[in-house]
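Take the sequence shown: its letters are residues 1018 to 1268, numbered as in the working numbering.
Where a beta carbon is used, it is the ideal one built from N, C-alpha and C, also for glycine.
Note that the structure is a prediction, hence the values are computed from the model and not measured.
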Amino acid sequence: MVVFDRPKSLVDVPLHYCPGCTHGIIHRLVAEVVDELGIEGKTIGIAPVGCSVMAYNYFTFDMVEAAHGRAPAVATGIKRSDPENVVFTYQGDGDLASIGMAETVHAATRNENITVIFVNNAIYGMTGGQMAPTSLPGQITQTSPYGRDVKQCGFPIRICELLSTLDGPEYLERVTVNNVKNVRNAKKAIKKAFQNQLDNKGFSLVEVVSTCPTNWGLTPDKAMKWLEDNMLPYYPLGVYKDRSAKKEEEA
């Protein structure tokens, strides 16, 4: 009896991600959800510019490469051209919350029927560890060697909180994958986000608070501890919007 196996939607190749990075865990969760929903044949993922730029190497379903930050716009076009497709973007904080902020906000406010997987590790990973829109106050990066100065650079952007002020989005939740319980919760959130699209409910975004041991300058275990001690207090986990659940409560 097989208890644990590689998801069918995940290609059997080594991942290029750094040791301790949680992209691999998140990729697996996406693949498991696609398998369980039986949508591999009609799923289209949008790969961003960032550490996951080569995500198309790891999934068995169709993937499209988007220009930096433009994944929600590309996803919108694909979904509208053939609504039967299940379309999702997989984006980091530099891609989604910086150059792609306009695309993110407008796709959300239009309640486009797409799914967004947003990986927040508070730094630009692929390009060498520069300060990102989500870098914490005082956080040391390649472009903030003395720590992020909020007087000079402003405060970090909390995407779930920001998008929750809009009328459009259907579902917004922030999760993490730092332990077994939270991995399971993250999978539930991702599955709900895909199911919302299948049910034509509209825009769903799952933010996954993640690590970047290489650019944080920490070992994998210390990076996970840093996430727990620093990121989770600033980026609280939880559901930030769920219109369907609210309607059920009011009924």
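### Query
For the stretch 1165-1176 against the stretch 1098-1106, are there 3 or more C-beta pairs whose distance is under 8 Å?
no
### Message
Within a Cβ cutoff of 7 Å, which residues of the same chain sit near residue 1254, ignoring the five residues on either side of it in sequence?
### Response
1191, 1192 and 1193
### Query
Is residue 1252 near residue 1213, with beta carbons less than 8 Å apart?
no
### Task
Return the first residue and the last residue of the alpha helix (DSSP H) that residue 1060 is part of.
Unbroken run through residue 1060 is the beta strand (DSSP E), 1060-1064; no alpha helix (DSSP H).
### Query
Hey, out of 1186, 1210 and 1225, whose CA is closest to residue 1196's CA?
1225
### Task
Determine the direct distance from the alpha carbon of residue 1086 to that of residue 1123, and round the result to whole angstroms.
13 Å
#### Entry: Contiguous alpha helix (DSSP H) assignments of at least 4 residues, all confined to the stretch 1149-1200
1167-1170 and 1176-1180
### Task
Could you give the DSSP three-state label for residue 1219: helix, strand or coil?
coil
### Message
If the criterion is Cβ atoms closer than 8 Å, does the pair residue 1078 and residue 1051 meet it?
### Response
yes
### Query
Do the stretch 1019-1037 and the stretch 1061-1079 meet, that is, are 3 or more Cβ pairs less than 8 Å apart?
yes
### Query
Is residue 1131 helix, strand or coil when you go by DSSP?
coil
### Query
If you run the structure through DSSP and keep just helix, strand and coil, what is residue 1029?
coil
### For residue 1144, the nearest candidate out of 1133, 1154 and 1158 (CA to CA)
1158
### Message
In the DSSP output, which residue or residues are listed as bridge partners for residue 1204?
### Response
Looking at the DSSP assignment, residue 1204 forms no beta bridge with any residue, so it has no partner.
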